[in-house]
Amino acid sequence: MKFMMKIKLIRMKRNRVMWKTLNLFWTILMFGQGGISQIAGNDSIISNSAMSSTYLRTIEIEPHPFILPIAKASVRGSYPIELSYSKTTHIIFPSKIQDFDAGSDVVIATVPEKLLNVLRVKSDAKGFSGETNMTVFTDDGGLFSFLIRYNDNPEVFNINISNNIAADNQATHSLGIGQSSNNSPNTYLMEEGGYLEQSLIASSLEVLVRKDFIRQLGARKSDMNVLLKGIFLDENNVLYLKLNMKNKSLMPYQIDFIKVFVRDKNHIKRMAAQDNEISVLMDYPMSITHLNGLQNLEKVIAIPNCTLADGKTMEIEIYEKAGGRHLKFQLGNDTLLKVKRL
């Protein structure tokens, strides 16, 4: 009797194993023939071959009507960099760094006090293994991703992202992924709201063709002149300052950066001056920052709309790169109130 029961138990176990094997084989067959291929399109970064390469991977990813693939066009690429414990890497961005985040504490990143578009990066540990990442956000809406590995002696110590645009475009086109941050339509996120790059450019182009109506307000230094020619306001509550720059000398002039401040009128004489920097949303045309000798240039500065309290003035500052011909001039509420609608 006991012997017969043992035989029955053995048969039951064999049947269970057989059914499990058949079930597993059927699952592999279904998924291998494209059971998931309907979920992920041809432009998905999840390939069908990867899904059906092993039955374990196939069993983990079950068909579901609400799974959305990540399309290649939505992916932004990452820059590979190597960090050292004893050496510092400098990364120069197209605009001011707004924020940054590293995937591991072994990455040390700092922004110099007076170089707001430069990131200093190094490793906090000798010879860390594996790979980590870092993401940098700039105030023009840019997002830049980096994949980081350790190297005692990196080959590259200084990287200028602005000079990498052509290579970015070529690589993204070849890979079929999204364009790099400094060449795609960005949304500018400020306290005042969101500003679209296309809208800022369109309004700046309109400002350039508008008639000048402000005279004799500007600055001059060493045969380098700047004059305010007009103030305009668009429907998005963005203020546009139209500037005319003249280089009356034979010495070329290279614009380093432009800043706008709200300051006390008598800030030189007062002990506790309060400076409030206003974010420059755009200076247009962005690609032209060089004036040859005896050359003129029209610039449009876009800033969030603002008015001035009593005792305050707005100051426009234009700095020469590797030079001393810095231009500064002030305007008050009486000038701002002359603003015209676009």
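Read in order, the letters of the sequence shown correspond to residues -12 to 329 in the numbering used here. Glycine included, C-beta positions come from ideal geometry on N, C-alpha and C.
Residue i versus the options, residue with shortest Cα-Cα distance
{"i": "isoleucine 152", "options": "Lys113, Gln185, Phe80, Ala189", "result": "Phe80"}
{"i": "leucine 330", "options": "Arg63, Glu193, Arg107", "result": "Here the chain comprises residues numbered -12 to 329, so residue 330 is not present and cannot be evaluated."}
{"i": "leucine 187", "options": "Tyr271, Ile95, Leu70, Tyr66", "result": "Tyr271"}
{"i": "asparagine 145", "options": "Thr159, Leu106, Asp139, Lys113", "result": "Leu106"}
{"i": "arginine 202", "options": "Glu118, Leu318, Val143, Ser161", "result": "Leu318"}
{"i": "glutamate 347", "options": "Arg312, Val93, Leu295", "result": "Here the chain comprises residues numbered -12 to 329, so residue 347 is not present and cannot be evaluated."}
{"i": "lysine 325", "options": "Leu195, Glu142, Lys216", "result": "Lys216"}
{"i": "aspartate 127", "options": "Gly114, Val62, Met269", "result": "Met269"}
{"i": "leucine 226", "options": "Arg63, Val287, Asp321", "result": "Val287"}
{"i": "phenylalanine 115", "options": "Glu100, Lys198, Ser91", "result": "Ser91"}
{"i": "leucine 323", "options": "Val196, Leu195, Ala296", "result": "Ala296"}
{"i": "proline 141", "options": "Glu100, Pro67, Arg197, Val196", "result": "Pro67"}
Where residue i falls, given that 16 or more other Cβ within 10 Å makes a residue buried
{"i": "arginine 328", "result": "exposed"}
{"i": "methionine 200", "result": "Looking at the sequence shown, residue 200 is not methionine but phenylalanine. Answer is exposed; the Cβ neighbour count stays below 16."}
{"i": "serine 73", "result": "exposed"}
{"i": "serine 40", "result": "A caution first: serine 40 carries a pLDDT of 41, below 50, which makes its placement in the model unreliable, though a value can still be read off. Exposed: under 16 other Cβ atoms inside 10 Å."}
{"i": "isoleucine 290", "result": "buried"}
{"i": "glycine 129", "result": "buried"}
{"i": "histidine 313", "result": "exposed"}
{"i": "threonine 159", "result": "buried"}
{"i": "isoleucine 54", "result": "exposed"}
{"i": "isoleucine 275", "result": "exposed"}
{"i": "phenylalanine 190", "result": "One detail in the question is off: residue 190 reads as serine in this sequence, not phenylalanine. So serine 190 counts as buried."}
{"i": "proline 172", "result": "Note that proline 172 scores a pLDDT of 46, beneath 50, so its modelled location is shaky and nothing firm can be said."}
Residue i: CB within 7 Å of a non-hydrogen atom of the ligand NAD
{"i": "glutamine 85", "result": "The ligand NAD is absent from the structure shown, which contains no ligands of any kind."}
Proximal residues to residue i (C-beta, below 6 Å), its chain only, five neighbours per side dropped
{"i": "threonine 122", "result": "Asp88, Ser132"}
{"i": "asparagine 224", "result": "Asn292"}
{"i": "arginine 207", "result": "none"}
{"i": "isoleucine 95", "result": "Lys109, Asp111"}
{"i": "leucine 284", "result": "Met232, Leu278"}
{"i": "isoleucine 147", "result": "The displayed chain sequence assigns asparagine, not isoleucine, to residue 147. So the qualifying residues of the chain are Ile79."}
{"i": "leucine 214", "result": "Gly205, Asn231"}
{"i": "serine 332", "result": "No information on residue 332 is available, as it lies outside the stretch -12 to 329 that the chain covers here."}
{"i": "glutamate 304", "result": "Lys246, Lys315"}
{"i": "isoleucine 265", "result": "Val247, Ile290"}
{"i": "glutamate 179", "result": "Because the pLDDT of glutamate 179 is 46, which lies under 50, any placement of that residue in the model is unreliable, and the number read from its coordinates should be weighed accordingly. Contacts found: Pro291."}
Cβ-based neighbour list, residue i, same chain, cut-off 8 Å, excluding 5 preceding and 5 following
{"i": "serine 236", "result": "Ser209, Asp210, Met211, Gly280, Leu281"}
{"i": "proline 366", "result": "Since the displayed the chain opens at -12 and closes at 329, residue 366 lies outside it and no answer follows."}
{"i": "serine 65", "result": "Asn120, Ser132, Phe133, Leu134"}
{"i": "asparagine 104", "result": "Ile79, Phe80, Pro81, Ser82, Lys83, Ile84, Thr125"}
{"i": "glutamate 222", "result": "Leu329"}
{"i": "phenylalanine -10", "result": "In this prediction, phenylalanine -10 has a pLDDT of 44, which is less than 50 and means its spatial position is unreliable; what the coordinates show is noted afterwards. None."}
{"i": "glycine 310", "result": "Tyr240, Gln241"}
{"i": "valine 143", "result": "Ile68, Glu69, Thr76"}
{"i": "glutamine 157", "result": "none"}
Close beta carbons around residue i, own chain, < 7 Å, minus the five adjacent residues each side
{"i": "tyrosine 125", "result": "In the sequence as displayed, the identity of residue 125 is threonine instead of tyrosine. Cβ neighbours of threonine 125 beyond the five flanking positions: Phe80, Pro81, Ser82, Lys83, Ile84, Gln85."}
{"i": "aspartate 139", "result": "Ser71"}
{"i": "lysine 113", "result": "Tyr72"}
Assumed close pair residue i, residue j - CB separation to whole angstroms, cut-off 8 Å
{"i": "phenylalanine 299", "j": "aspartate 251", "result": "According to the sequence displayed, residue 299 carries lysine and not phenylalanine. Sure, about 7 Å apart at Cβ, within 8 Å."}
{"i": "isoleucine 218", "j": "leucine 204", "result": "Not really, about 10 Å apart at Cβ, beyond 8 Å."}
{"i": "valine 108", "j": "threonine 76", "result": "5 Å"}
{"i": "isoleucine 242", "j": "valine 267", "result": "Contact flag wrong, Cβ pair sits at about 12 Å."}
{"i": "alanine 248", "j": "glutamate 302", "result": "The sequence shown places phenylalanine at residue 248, not alanine. With a Cβ gap of about 5 Å, phenylalanine 248 and glutamate 302 count as contacting."}
{"i": "glutamate 184", "j": "tyrosine 137", "result": "Contact flag wrong, Cβ pair sits at about 36 Å."}
{"i": "threonine 294", "j": "asparagine 320", "result": "6 Å"}
Minimum Cβ-Cβ distance from residue i to chain C less than 8 Å
{"i": "serine 161", "result": "The chain inventory of the structure shown lacks chain C, comprising one protein chain alone."}
Fully enclosed by the region 183 to 250, which alpha helix (DSSP H) runs are 4 residues long or longer? Taken in chain order, the unbroken stretches of alpha helix (DSSP H) that lie wholly in the region 183 to 250 and span 4 residues or more are 184 to 196.
To test your reading of the DSSP string, which unbroken beta strand (DSSP E) runs of 3 or more residues are found completely within the region 269 to 295? Correct list: 269 to 271, 283 to 291.
Report the residue ranges of all alpha helix (DSSP H) runs contained in full by the region 93 to 162; include only those spanning at least 4 residues, in chain order. The region 93 to 162 contains these whole alpha helix (DSSP H) runs: 152 to 162.
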